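> Chains as they are written, first to last, in the working numbering: chain A, 1067 to 1341; chain B, 1067 to 1341.
Ideal placement from N, C-alpha and C gives every residue a C-beta, glycine not left out.
Every value quoted in this text rests on a predicted model; they were computed, and no experiment measured them.
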């Protein structure tokens, strides 16, 4: 039978700024007698990666500007959190009742620039890792060096989606594998050639990992996904390869135009949110 | 260690109209000496469910109307496929270069009303199951009756997503479990109360299942996901519970307005696609 295993690594301590996350992960494996295998995918919660990199902000030091105050009033969010979102956003795509959809400076599209206040001390917020692709590559290099196994590393975050209720584990960084499996040109079982089948395997792996990680109390920040078929990939790609080109994305070029323009005006100092 | 297994059920034959899918699945389990356990989630590819229900259309019998021809020209799709999409759509949400985003008559939001031509004979297309919730409930009832185990059944389809490249396994029908895990009110590890954490576990399970099912040649139309923590649920819910309320969905009420209006005009016989 074709079988994939999703193995949660329990027993890792709370991760603090400056911690060597790879070393902590490897120690937990040793304590549980778990041995990595070639083609394992190790999925880390992006939040613990961010914490180890010191990407924790004390909100008492954040002074929201007028744009942040205005967006906070619209979204019901803390103005200091909104200021952090504006700091990390290259573009605001659209604004909902309770979220701000952004493209971050490193090209990642997510609500609230990936910033949140859960699982961190009161009065603090956690940003996304500074450069998730670099973080994934460093973790992979260290784990491969220590174990001698060829693996891939993914960073996962819980992301909301348009239309569908609920958050799902989603890939925010990757190293050692391509995040999509391009099957265009292959034949189906009736000999028809696939035209548009590109499979988002990194997202599917992160969703599977999230079933074990949980969201709140579980404290399982790393998961091994074993038994997958994928090609190891040494190329360092941009996180932008996860997303449609802006000009070809109907949701960006057409659908969100009104909101985008309104918020762009806001950010350019016109201080009016027209829609 | 917390562990989830994703077990692909190989050896099932090509499914044809009128086949008893539950019986075929159970026979494959017996042949492979696989025994279901309480709290297993059985995920079926929605395409084989549709096939067993005879939801296969011979395109030679489909006569596209003027609206279908027009939308076909815009999207580059076969006008007969577009006609099938219009037949099954309660609403057209927006139109892209190569897709038509629809809400189907049973309330499911997906590209092309879920209709496609892969893995079926040349000149034919497969629709979504007539009522995916009923299909899931029937499969669950038959499998539980035969095995004496308490399980959940999900139907999975590969769906594209706004912004992100690639399709991912997504829940299109469910029975025996709630599709989301509502964790609002629970505390995180720092004692903070979760405000918005609703986890789309059915989508995560279907994404995990899709890692094993594959897309084209694999012929693994059923997968067991084992080791999950969830509450069994006897309530028969609408497939609409997977989606945001239309009035609260910023992507529907604001962003897609232009396209929606244009296509609505088209469907109401004005035959103009303004945007």
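#1: Less than 9 Å between the beta carbons of residue 1225 of chain A and residue 1266 of chain A, yes or no?
#2: I'd like the span of the alpha helix (DSSP H) that includes residue 1112 of chain B, first residue to last.
#3: Using a Cβ cut-off of 8 Å, which residues of the segment 1185-1203 of chain B contact any Cβ in chain A, in chain order?
#4: Residues in its own chain within less than 6 Å of residue 1091 of chain A by CB, not counting five upstream and five downstream?
#5: Return the chain-ordered ranges of every beta strand (DSSP E) run that is complete within the segment 1283-1311 of chain B and spans a minimum of 3 residues.
#6: Grouping DSSP H, G and I as helix and E and B as strand, with all else coil, what is residue 1129 of chain A?
#7: Using the three-state DSSP reduction, which class does residue 1253 of chain B fall into: helix, strand or coil?
#8: Figure out for me which residue from B/1245, B/1157 and B/1128 has the closest Cα to the Cα of residue 1147 of chain B.
#9: For residue 1088 of chain B and residue 1205 of chain B, I'd like the C-alpha separation in whole angstroms.
#10: So, with DSSP's three-state summary, where would you put residue 1084 of chain A?
#11: Any idea what DSSP makes of residue 1167 of chain B, helix, strand or coil?
#12: Could you name each continuous beta strand (DSSP E) segment of 3 residues or more that falls completely within the segment 1135-1185 of chain A, going from the start of the chain to the end?
#13: Identify each residue in the segment 1076-1092 of chain B for which the Cβ-Cβ distance to at least one residue of chain A is less than 8 Å, and report them in chain order.
#14: Give, in chain order, every unbroken run of the beta strand (DSSP E) that is at least 3 residues long and sits entirely within the segment 1190-1264 of chain B.
#15: Taking residue 1069 of chain B as the query, report the chain A residues whose CB atoms sit under 9 Å from its CB, ordered along the chain.
#16: Which same chain residues, not among the five before or five after residue 1070 of chain A, have their C-beta less than 8 Å away from its C-beta?
#17: For the alpha helix (DSSP H) that residue 1269 of chain B lies in, which residues bound it at each end?
#18: Is residue 1235 of chain B close to chain A, meaning its C-beta is less than 9 Å from at least one C-beta of that chain?
#19: Any chance the segment 1239-1256 of chain B sits against the segment 1212-1225 of chain B, with 3 or more Cβ pairs inside 8 Å?
#20: Taking residue 1123 of chain B as the query, report the chain A residues whose CB atoms sit under 7 Å from its CB, ordered along the chain.
#21: Indicate whether at least one CB of chain B lies closer than 9 Å to the CB of residue 1171 of chain A.
#22: Who are the Cβ neighbours of residue 1296 of chain B in its own chain at under 6 Å, not counting the five residues just before and after it?
#23: Is the Cβ of residue 1307 of chain B closer than 9 Å to any Cβ of chain A?
#24: Is the Cβ of residue 1331 of chain A closer than 9 Å to any Cβ of chain B?
#25: May I ask you to report which of helix, strand or coil DSSP gives residue 1335 of chain A?
#26: Could you check if residue 1253 of chain A is buried or exposed, using at least 16 other CB atoms within 10 Å of its CB as the buried criterion?
#27: Who does residue 1122 of chain B pair with in a DSSP beta bridge?
#28: Of all the residues that make up the segment 1097-1122 of chain A, which are near chain B by a beta-carbon distance shorter than 8 Å?
#29: For residue 1265 of chain A, would you say it is in contact with chain B, using Cβ-to-Cβ distances shorter than 9 Å as the test?
#30: Does any residue of chain B bring its CB to less than 9 Å from the CB of residue 1321 of chain A?
#31: Name the DSSP beta bridge partners of residue 1077 of chain A, please?
#32: Using a 10 Å radius around the Cβ and a threshold of 16 neighbouring Cβ atoms, would you call residue 1259 of chain A buried or exposed?
#33: Should residue 1233 of chain A and residue 1073 of chain A be called a contact, given that it needs their Cβ atoms to be closer than 9 Å?
#34: Can you give me the C-alpha to C-alpha distance between residue 1191 of chain A and residue 1165 of chain A, rounded to a whole angstrom?
#35: Is any beta-carbon of chain A found at less than 9 Å from that of residue 1239 of chain B?
#36: With a CB to CB cut of under 6 Å and the five nearest residues on each side skipped, what residues in its chain are close to residue 1247 of chain A?
Taking the coordinates as given:
#1: no
#2: 1112-1118
#3: 1185, 1186, 1187 and 1188
#4: 1288
#5: 1288-1292
#6: coil
#7: strand
#8: B/1128
#9: 6 Å
#10: coil
#11: strand
#12: 1155-1161, 1166-1170 and 1175-1177
#13: 1076 and 1080
#14: 1190-1192, 1218-1225 and 1234-1243
#15: 1071, 1072, 1073, 1074 and 1278
#16: 1274, 1291, 1292, 1293 and 1294
#17: 1267-1279
#18: yes
#19: yes
#20: Per Cβ cutoff of 7 Å: no residues; residue 1123 of chain B is ~15 Å from chain A at best.
#21: no
#22: 1243
#23: yes
#24: With a pLDDT of only 48 at residue 1331 of chain A, under 50, the local geometry of the prediction cannot be trusted, and the value read off the model is given with reservation. Closer than 9 Å: no.
#25: Here the model assigns residue 1335 of chain A a pLDDT of 48, short of 50, so the residue's position is not dependable and the matter cannot be decided.
#26: exposed
#27: B/1192
#28: 1098 and 1100
#29: yes
#30: Residue confidence for residue 1321 of chain A is low, a pLDDT of 46 falling below 50, so the modelled location carries little weight; the figure read from the coordinates is stated next. Yes, residue 1321 of chain A lies at the interface with chain B (some Cβ there is under 9 Å from its Cβ).
#31: For residue 1077 of chain A, which the question treats as bridged, DSSP gives no partner whatsoever.
#32: exposed
#33: no
#34: 16 Å
#35: no
#36: 1265 and 1267
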